[in-house]
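From first to last, the protein sequence lines are chains A and B. The numbering used here numbers the first residue of the first sequence as 1 and each following residue consecutively. The numbering used here numbers the first residue of the second sequence as 1 and each following residue consecutively. No residue lacks a Cβ here, since even glycine has one placed at the ideal position from N, Cα and C. Bear in mind that the values here come from a model prediction, so they are computed numbers and not experimental data. These notes are about the structure you will find just below.
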Amino acid sequence: AQSVTQLGSHVSVSEGALFLLRCNYSSSVPPYLFWYVQYPNQGLQLLLKYTSAATLVKGINGFEAEFKKSETSFHLTKPSAHMSDAAEYFCAVILLIGSSNTGKLIFGQGTTLQVKP
Amino acid sequence: DAGVIQSPRHEVTEMGQEVTLRCKPISGHNSLFWYRQTMMRGLELLIYFNNNVPIDDSGMPEDRFSAKMPNASFSTLKIQPSEPRDSAVYFCASSLTSTGGVSPLHFGNGTRLTVT
Chain A
1 AQSVTQLGSH VSVSEGALFL LRCNYSSSVP PYLFWYVQYP NQGLQLLLKY TSAATLVKGI
61 NGFEAEFKKS ETSFHLTKPS AHMSDAAEYF CAVILLIGSS NTGKLIFGQG TTLQVKP
Chain B
1 DAGVIQSPRH EVTEMGQEVT LRCKPISGHN SLFWYRQTMM RGLELLIYFN NNVPIDDSGM
61 PEDRFSAKMP NASFSTLKIQ PSEPRDSAVY FCASSLTSTG GVSPLHFGNG TRLTVT
């Protein structure tokens, strides 16, 4: 069965500092992985996705994630935190519907990022 | 692109009442998903549709929950009768199934349900 685990339910970082949010996956097939962000009282917004092309994936607003098969990881990073980055972040793996290109997302438990001035 | 539209944004109801949540997916998308988010259980998939047909409803908690998709532009999630433990944020998401690359899900802003 495919799943993702996010290590650390809360991460605190100073404004301007680099931060890393951890995600490890479990999958018997090459996974398709996603990072979503959720701001208070809003839905989930896609940050980036890994679909077996380049292992270093660049997303919106300066976010990046690197797929490491040897470590079964897909950690999210950003070189410089902004106050507006304070939100909850979810890692997810997709279970494709048959041979189609979409399916249901299986989410991790989420990591809340706090940015201190 | 108006995005996925959910209504209402907030719903407060008394235990035992019927609740209907509504979703309009992104035009052209042919897969629709209903998720529930709680502090205890995180994001759980309840049911998803492909081309208006329910594909997997194994996440529906019990018979009090039902979902329909009468056409490509509308879906409902109904709880009858509602209970306090149903209090959560319910999200609808849609995606496009095609022969291209992997298609991500696009989420609405959710309906916050409170059952007293």
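What did DSSP end up calling R85(B) once you bin it into helix, strand or coil?
helix
Check whether chain A comes within 8 Å of Y48(B), counting only Cβ atoms and requiring the distance to be less than that.
yes
Can you find a CB in chain A that lies within less than 8 Å of the CB of P104(B)?
yes
Segment limits, beta strand (DSSP E) that includes S31(B)
31-38
Please state the DSSP three-state secondary structure of S70(A).
helix
Taking C-beta pairs closer than 8 Å, name the residues in chain B that Q42(A) reaches, listed in chain order.
N109, G110
Nearest to L95(A) (by Cα), restricted to the options S12(A), S26(A), A86(A):
S26(A)
Which partner residues of D56(B) appear in the DSSP bridge assignment?
Y48(B)
Do you know whose CA, among V57(A), S52(A), F90(A), V115(A), lies nearest V29(A)'s CA?
S52(A)
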